[in-house]
Every structure is written in structure tokens, then in C-alpha cells.
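As C-alpha cells, the structure follows; a few thoughts come after it.
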Amino acid sequence: MADLSHGLPDSEVTTRIANTREALAADGLCGLLAYGDALRTANVGYFTDFRPLDGVSDIAMGVVLLPVDGDPILFVGGSTFTWAKEVTPFEVRVVADLPDAVAEFARRHGGQELGLAGGDYIPMRLHRSIEGALGSLRLRDTIALARVKAKKSDWEVEQLRMASSLTDAAIGAIRDALADGPRSERELSRAAEIAMLQGGADAVGYRSMVQAGPRSAHSLALPTDRMLQPGDLVMTDIGARYRGYVADGGRGFGYGELDEAHQSVIDASVGAVEAGLAAVRPGITADALNAVIQSSLVESGYADYSNEAKGHGTGHGTGMDPEEELPWIAPGQTTVLEKNMVFTLKATITVPGIGGLRTERIVRVSETGCDTLDRFPMKLNF
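For the sequence shown, numbering that gives the first Met the number 0 assigns the number 0 to the initial residue and increments by one for each residue that follows.
Here it is, written out as C-alpha cells:
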């Protein structure tokens, strides 16, 4: 038996497998192929503490074959096989064995449908090898696993709460660094990452972003050596990874004394997220929640300067990956929000010649409203 004392509790693994099987059966599927890679780990990490590694060979992938009526199997790269066996409570094989395993599964389930999670990013070569082994078994993309992952257990919420506190610490480190005078974007990004790691993060969730002054008008960009200057707006996007969970967050802020145009950007961005937080409750649909934030941005006069105001979405699920498939807070998304769904709410404003920022909060749906997992204030001036 694998030693999971420092990772997923046995009860979590058992419950996740049972819930996924139930969701698959409800969709008429006989099983699931869940593909994950080094960037999008959740489809694999949901069932085991194994994570694919950065690379271009099979070490960068993992596949779980989960039958509705049988035991799961994890397939990994040969170089990661012994580690995977150590942290996985079910059978582990190498990726090269996957076509034979699919063919054996197909002989027992001919004429039925096998679900595929991660179909948008599975390598073509691997996909073709799976298709060649299907026989009369049909492969169908499914969001069954995404639906199961969207509702977090109490244990998962606590991991996300800790990751969120580490993200808060990163923003605090930026504030503290600026107390001694101007710093560069790179220096602030580095201070944020050091704070997360020293606080107990396993890693950063993704490349930390800090953009100041004219560069804050980019919705997303990596930091440079540009020094902050009084009157700048500063855009950040920062997240910590803790025990396999990621807090996708960050705060925008003003540096020094701001003029009216710059302060208006902060007020509109924060006000839109505040409106969204007030609207969150079980039973509201994702598109209805999106409309609250989107309308606030439009009414503030930023319809032409915000991707969210233009209908690109005002939030997304988060958990083992910074962005998870459900719930997606966007127009046309009819997902009904339920207790213990965790997602971000965000409002980005980018005005050429002035700058911009993003206000983002990490939200758990509670029994009557929402619980914000990150605690750092939203309206900020350092």
C-alpha cells in the first residue's frame, strides 16, 4: 500500500473515485481516460499525489484509466514510474502500456462509450494510439470529471484557504518592499515569490506578474526592470501552490498619490468585484453572476477598456489548477452554483496612456452566500 501520510487522505481518494464513477454512469459512460500534463495537473492529481514533470517526453504526462466497474490504473513516464508507485494507492503502469490496456478494456466494453477528460490538450500521437486500440468502443469528450472537481470537499477548501493566505502574504511583501522606496517590477515579483515560499508554499502557482505604469495597460505580461514611479497603477497576478492546490489571485494597486483618472480605475474595478461578491449564493447561475460584474464595469464607463466588460468572463474555477473547467463565470454559462464550489471573481480595466489593474478574489460558495478565501483588502494604495 502506498504511503499517503503526507498527501491525499485515503478517504479523499475513495470518495473521489466513487463520485466520479457515479457521474460517469449518469452520463452513460463505461469509464474514463483522464489526461493531465505538467501545466494542467488536476485530472491526474485528483486521484493521486503523482504530478507530471516539466519536459517534452513522457515524464510530462499522466493518464488515469478509471472503469465504472473496476479498479483504476495510472499510466506515467518510465522515469517517473517508481515515484508514482510510491504515492499512488492503485496500480501504476508506464504510458507505453496504455494502448494495450485500452484494447483490453475495449474487449470487455465493446459498443459502449469511454469518456475522455483533457481532450483539448492531449498530444496527438497519444490520442492516435488510443484511437487505434478502441475497436468498437467509442471515445467521447466529457465534462463529468470537471463537474465532480468543481465541488470541493472540506479538506480541499482548507488547502485552498492556506494557499490563499500565502497569496495574501505575497501582496503584503510587495507593500513592505515599497515602504523603503521604489522597486522594479522584477524586484516586486521576486519579493512576492520569496514570501510565498518562506511561508510554506510548495511552489508558485504560475509565473508571477507585476506590471506598472504604462505596462499595466497590458492585461497579462511578465515583469521587467522598469522602476515604479509615483502615480503609477500596478497590475499583479500572483498565486501560491500549497499541497497541490493553487490560489489564483493578486491585487492591483496605486503607487503614491494618484490623479482622478487613475483612482477611478481602482474604484470601478473594486466596485465591480464587490457587486459580484454580494450576488454570490447557491442557486444563481454562472452567467447571471457574470452579468452583475459585467454590468458594473459598463455602468462605470469602462465598456471599451475591460475584457470582462466585453463579455470575456469574470471568473473561473480554481483548485488543483489555477484555472479549472467549472464553474466558468461568463455569458452563456448555465452552471448552477452550489455550496463548496470555489472560483475567482475578477474585474480587469486597462486604459492606454493611463494604465490598469485587476481586482481578483477567491470565493467559496457558502450555504447562503460566499466566503472569500483570500483576505487582503481590495482597494489599495502603497
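Backbone N, C-alpha and C define an ideal beta-carbon position, used for all residues, glycine too. Since the structure is predicted, the reported quantities are computational estimates derived from the model, not experimental observations.
Would you say Ile353 and Ser163 are within 8 angstroms of each other, going by their C-beta atoms? no
For a test of the three-state rule: what should DSSP assign to Met0, helix, strand or coil? Only weak support exists for where Met0 lies, its pLDDT of 32 falling under 50; the coordinates are left without a value.
Bounding residues of the alpha helix (DSSP H) (the contiguous stretch that carries Val94): Here Val94 belongs to no alpha helix (DSSP H), and DSSP marks it neither H nor E.
Output the distance between the C-alpha atoms of Gly270 and Leu276, rounded to the nearest integer angstrom. 10 angstroms
Give the straight-line distance between the Cα atoms of Ala24 and Val335, rounded to the nearest whole angstrom. 21 angstroms
Are the stretch 276-287 and the stretch 245-262 touching, with three or more C-beta to C-beta distances below 8 angstroms? The stretch 276-287, when compared against the stretch 245-262, does not touch it at the 8 angstroms Cβ threshold.
Can you list, in chain order, the residues of its chain with a C-beta nearer than 8 angstroms to that of Pro98? Leave out the 5 residues immediately preceding and following it. Ser128, Ile129, Gly131 and Ala132
Quick check: the Cα distance between Val364 and Gln332, rounded to an integer number of angstroms? 17 angstroms
Where Asn380 falls, given that 16 or more other Cβ within 10 Å makes a residue buried: Exposed, because fewer than 16 other Cβ atoms sit within 10 Å of the Cβ of Asn380.
Boundaries of the beta strand (DSSP E) in which Val67 is found, first to last residue: Careful: Val67 lies outside any beta strand (DSSP E) and carries neither H nor E.
Considering only their Cβ atoms, is the gap separating Phe46 from Val63 smaller than 8 angstroms? Cβ atoms of Val63 and Phe46: closer than 8 angstroms.
Which residue from Asp53, Ala278 and Gly238 puts its Cα closest to that of Ala200? Gly238
In the DSSP assignment, find the unbroken beta strand (DSSP E) run with Lys345 in it and report its ends. Val341 to Val350
Would the beta-carbon of Met319 fall within 8 angstroms of that of Tyr244? yes
Do you know offhand how far Glu85's Cα is from Arg139's? 31 angstroms
When the Cβ atoms of the stretch 192-199 are set against those of the stretch 159-173, are three or more pairs found closer than 8 angstroms? yes
Counting only the same chain and skipping the five closest in sequence on each side, list residues whose C-beta sits under 8 angstroms from that of Ala22. Ala143, Leu144, Arg146 and Val147
With DSSP as the reference, label Pro213 as helix, strand or coil. helix
Quick one: what's got a C-beta closer than 6 angstroms to Thr79's C-beta in the same chain, skipping five residues either side? Ile58
Simplified DSSP assignment, three categories, for Ile361: strand
Is there contact between the stretch 32-46 and the stretch 310-330, where contact requires at least three CB pairs shorter than 8 angstroms? yes
What three-state label does DSSP hand Gly171 in the structure shown? helix
Exposed unless 16 or more other CB atoms sit within 10 angstroms - verdict on Ile193: Under a 10 Å Cβ-count criterion, Ile193 is classified as exposed, with fewer than 16 other Cβ atoms of the shown protein chains found around its own Cβ.
Can you find the residues in the same chain that come closer than 8 angstroms, C-beta to C-beta, to Glu186, ignoring five residues on each side of it along the sequence? Ala176
Checking 8 angstroms against the spacing of the C-beta atoms, do Thr343 and Gly248 come in under that value? A contact, by the Cβ cut-off of 8 angstroms.
Along the chain, where does the beta strand (DSSP E) containing Ile237 start, and where does it finish? Asp231 to Tyr241
Between the alpha carbons of Arg92 and Leu73, how many angstroms are there, rounded? 6 angstroms
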